[in-house]
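One structure is given below, encoded as structure tokens.
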Amino acid sequence: MIVSSGKGQSSLLSQHYLDPTPFTLRCIKKNVLIFRISTVHKSARHVSQDIFTGDKDRFKGLTIDSNKQKCTQNNFLNKLEESLSEWTSQGHRCIWFRVSIKQAFWVPLLAEKGFNFHHARDDFVMMYKWLPLDSEPNLPPPCHTNLGVGAMVFNKRDQILAISEKHYEYPHWKLPGGYVERG
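What follows is the structure, given as structure tokens:
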């Protein structure tokens with residue numbers, strides 16, 4: 055917040071929390087202005103230690119890695135419900151669960167609570183839940199780009215090498231190449 059004395063002089067005013075002493079701002083030139091800011095005490099809300107923890111992103115998302123969590127099959131649903139309640143109150147938009155194959159029992163339980171599949175690899179599945187009720191998920195699609203490589207091969211007589219696809223019903227000639235394997 056910028057505070058001005060009315061004569062073109064301005065000072066930057068910052069907010070202070072949990073400070074028991076009043077904050078004063080002085081703009082010293084010809085006139086001395088003193089501003090008092092009442093202190094704001096934020097009550098520390100009790101946060102249970104029994105919620106899932108993860109990495110926050112810049113889009114108000116949270117990613118939970120199952121390999122970094124301590125959770126048994128017996129307490130998973132209770133911990134998930136408490137976590138969802140806490141995350142909603144904190145204003146998170148999207149919750150991501152990276153579920154390792156070792157914790158595969160989480161998948162049907164997450165699906166039961168409204169989580170959807172986003173993508174999967176050999177050793178994990180990524181599931182998400184969009185928390186805001188007033189908007190649609192605007193998530194990036196799973197990786198779907200295929201990269202191809204092609205080559206032009208000439209012989210000494212300036213002839214070009216062309217190949218025919220094995221599984222085409224009609225002759226189909228193209229440059230040699232193929233797709234890059236996902237890595």
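All residue numbers for the sequence shown refer to this note's numbering, where the first residue is 55 and numbers rise by one.
Where a beta carbon is used, it is the ideal one built from N, C-alpha and C, also for glycine.
(request) Determine the closest residue to Leu-185 out of Asn-128, Cys-148, Ala-158, with distance taken between C-alpha atoms. (result) The count along the sequence shown starts at 1 and reaches residue 185 at position 131. Closest by C-alpha distance to Leu-185, out of Asn-128, Cys-148, Ala-158, is Cys-148.
(request) Ignore the nearest five residues each way along the sequence and tell me which others in Ile-217's own chain have a CB closer than 8 angstroms to its CB. (result) For the purposes of this step, residue 217 is identified with residue 163 of the sequence shown, where counting begins at 1. Excluding five sequence positions before and after Ile-217, the CB atoms of its chain that fall closer than 8 angstroms to its own CB belong to Trp-227, Lys-228, Leu-229, Pro-230, given in chain order.
(message) Contact between the region 178-193 and the region 125-136 is defined here as three or more beta-carbon pairs at a separation below 8 angstroms; is this criterion met?
(response) With the cut-off at 8 angstroms, the region 178-193 and the region 125-136 do not touch.
(request) Report buried or exposed for His-146, applying the criterion of at least 16 other Cβ atoms within 10 angstroms of its Cβ. (result) To locate residue 146, count along the sequence shown from 1; it is residue 92. Here His-146 is buried. Its C-beta has 16 or more other C-beta atoms within 10 Å.
(request) Give the straight-line distance between the Cα atoms of Leu-187 and Thr-142, rounded to the nearest whole angstrom. (result) Locating residue 187 in the sequence shown gives position 133, where the first residue counts as 1. Locating residue 142 in the sequence shown gives position 88, where the first residue counts as 1. Cα to Cα, Leu-187 sits roughly 10 angstroms from Thr-142.
(message) Does the region 194-204 come into contact with the region 150-169, if we say contact requires no fewer than three beta-carbon pairs (one atom in each stretch) closer than 8 angstroms?
(response) Using a Cβ-Cβ distance cut-off of 8 angstroms, the region 194-204 and the region 150-169 are not in contact, since fewer than three pairs of beta carbons, one from each stretch, lie closer than that value.
(message) Distance check for Gly-232 and Glu-219, CA to CA, integer angstroms please.
(response) Looking up residue 219 in the sequence shown gives position 165. Looking up residue 232 in the sequence shown gives position 178. About 11 angstroms.
(message) Quick check on Leu-259: does DSSP put it in helix, strand or coil?
(response) Nothing about residue 259 can be reported from this structure: the residues present for the chain run from 55 to 237 only.
(request) Only counting runs of 4 or more residues, tell me where the alpha helix (DSSP H) segments fall wholly within the region 149-232, in order along the chain. (result) Counting whole runs of 4 or more residues, the region 149-232 contains the alpha helix (DSSP H) stretches 160-166.
(request) Specify the secondary structure class of Lys-133 as computed by DSSP and reduced to three states. (result) Indexing the sequence shown from 1 puts residue 133 at position 79. In the structure shown, Lys-133 sits in a helix (DSSP, three-state: H, G or I).
(request) Could you check what DSSP says for Lys-122 in three-state terms: helix, strand or coil? (result) Locating residue 122 in the sequence shown gives position 68, where the first residue counts as 1. Reduced to three states, the DSSP call for Lys-122 is helix.
(request) Could you tell me which of Ser-137, Glu-135, Leu-138, Leu-131 sits nearest to Phe-159, measuring between CA atoms? (result) For the purposes of this step, residue 159 is taken as residue 105 along the sequence shown, with counting starting at 1. That would be Leu-131, whose Cα lies nearest to the Cα of Phe-159.
(request) Could you name the residues of the same chain whose beta carbon sits closer than 7 angstroms to that of Val-203, not counting the 5 residues immediately before and after it, in chain order? (result) Numbered from its first residue, the sequence shown carries residue 203 at position 149. The residues are Gly-231, Gly-232, Val-234.
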